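Counting with our numbering, you get residues 166 to 477 for the letters of the sequence shown. By construction, the Cβ of each residue, glycine as well, lies at the ideal position given by its N, Cα and C atoms. These numbers come from a predicted model, not from an experiment. Written out below as structure tokens is the structure these notes cover.
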Amino acid sequence: MDCCNLRNLKTKTRVFQQFEIIKKLGDGGFGSVYEAYDCKNKIKVAIKIEVKRRKFSTVQKEAEILKHMQGNRHVLQYLGSGDENNYNYLLMEVAGESVHQLLKRAPGNKFPLPVAAEFSYNFVEALEEVHNAGYLHKDVKPENFVLKYAENLLRICIIDFGVAEKIKNNDELENKSKICFVGTLTYASTNVHDRKPYGRHDDLLSMFYTFLEISSGKLPWAEDGNEEAVALKKWKTTPEMLIGRKPEAAYQIYSKLQSLTYKDRIDYAWFKDKFRSMITGEAEAEGETRACELKQQNNINGNAEFSPMSVD
């Protein structure tokens, strides 16, 4: 195996003596992930491989985080890690499809509101586990939530801790001289664009953008390719333009997230309650009320703009 072929390993290729490649699962900024057969232990595994090119190994960091988080409901099982020659690798259980992959097959590239809300309830639970373990994920998006079957139940797991960081105390954050952009443009918090210290609330705002996308099909800035354009659209988009006909609970979540800073503790139960309310039939009635308000506003102000997200 050489560096050039890392992203294109063929089926049946043997790596690290004991793993036989089955298929590719995906690529990331720090390496590639494959499904493989562990010939020694006779099981299928997911193996993430990176080239040793930098002083700091993201795969080794991710291995440490996964090991630390074992026993939590919303993380994959850690199966081992190591290094050989010019490569580091991480072994995990094989999961199912990502939420992003499911979304691509859904009618209109979106889920019904109760389904999206149920997913998002689980997203909050997953982030609560990550934060309670002492980490910020920093790249929350549909691609980084996967499905797995556990005890005949479908479970959502959060993956890819390549840019995750330990939660720092307030003094450390306030004295940090340089804050760089980390994450994915489409889902990054507006605080990240402002280069403000990253906090738990930023993971949750990325989660909320994820909820809006999976329940509506598209974020208003999804087609913009540079940070300045994306940030400008996020700042200019009003809650009504962004959330549209969603129930009042969605507006309450967004307002709450906008009010938080990196210093604040998160009331995860409050967020879960709001998403739970959108899983029930009561949410549909709230959505209709909000839709009527938006229609009235549009009649009063003929110049009002509404994104495609206004339509459920």
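- Check the Cα spacing between K331 and each of P362, H239, V198: the tightest is with P362.
- DSSP places K189 within a strand segment (E or B) once states are collapsed to three.
- Per DSSP, F326 lies in no alpha helix (DSSP H) and is assigned neither H nor E.
- Taking a contact to require three or more Cβ pairs closer than 8 Å, the stretch 228-243 and the stretch 262-276 do not qualify as touching.
- Straight-line spacing of the CA atoms in N297 and W386 works out to 31 Å.
- In the DSSP secondary-structure assignment, M257 is bridged to A211, Y243.
- Here D367 carries a helix assignment [DSSP, helix/strand/coil].
- Contact between the stretch 201-208 and the stretch 275-284 is not established, with fewer than three Cβ pairs separated by less than 8 Å.
- A contact is defined here as three or more CB-CB pairs under 8 Å, and the stretch 242-259 meets this definition with respect to the stretch 209-219.
- At the C-beta level, D304 and V347 come within 9 Å of one another.
- By the CB criterion at 9 Å, L369 and V289 fall inside the cutoff.
- Distance between A228 and A434, taken at the CA atoms: about 29 Å.
- If you ignore the 5 residues before and after I324, its C-beta comes within less than 6 Å of the C-beta of N309, V311, all in its own chain and listed in chain order.
- DSSP places F436 in the uninterrupted alpha helix (DSSP H) bounded by 433-444.
- In the three-state DSSP reduction, K399 falls in the helix class (H, G or I).
- Taking C-beta separations shorter than 8 Å and ignoring five residues to either side along the sequence, the partners of R441 in its chain run A282, Y286, following chain order.
- Sequence-distant Cβ neighbours of D367 in its own chain, meaning closer than 7 Å and more than five residues away, are S354, N356, V357.
- K411 is classed as buried because its beta carbon has at least 16 other beta carbons within 10 Å across all chains shown.
- Between the C-alpha atoms of Y427 and F284 there is a straight-line separation of about 25 Å.
- Taking 9 Å as the cut-off, the Cβ atoms of K398 and D389 count as close.
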